[in-house]
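In terms of the working numbering, the sequence shown has 50 at position 44, counting the first letter as 1, and numbering is strictly consecutive.
The block underneath contains the structure these notes are about, expressed in structure tokens.
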Amino acid sequence: MRKIPLALLGAAAVMGTLATPAAASALETREFVGHGSSDFGLALFYARQDARNQADRAGFSDCEEYFKLVISPYDATVFWRCTR
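Structure, rendered in structure tokens:
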């Protein structure tokens, strides 16, 4: 008589874990590095455009620039962290 309730309890536990919806999926985070150079002093603009193009191609839309390295107005690098 004790075996039946334990079997039912075990089956209920298994069904409960299978029937429970999964938690919200974890966000995927990726980093992109944009490089830019320009003879007219627009290197930072081009570096940001390069990072944005990489993120768009990969399907990431929510991005933040967490570091920029501007060596001169003619050469720049930006680092973006994006999530989706």
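Yeah, the Cβ is synthetic: ideal placement off N, Cα and C, and Gly gets one too.
Going by DSSP, D56 is part of the alpha helix (DSSP H) stretching over 49 to 64.
As DSSP reads the structure, F85 sits in a beta bridge with V39, F73. Taking a 10 Å sphere around the C-beta of D56, we find 16 or more other C-beta atoms and assign the residue as buried.
Look at S67 here: in three-state DSSP terms it is coil, with no helix or strand label. Contact annotation, Q60 with F85: C-beta distance approximately 11 Å; criterion of less than 8 Å not satisfied. Taken through DSSP and simplified to helix, strand or coil, S78 comes out as strand.
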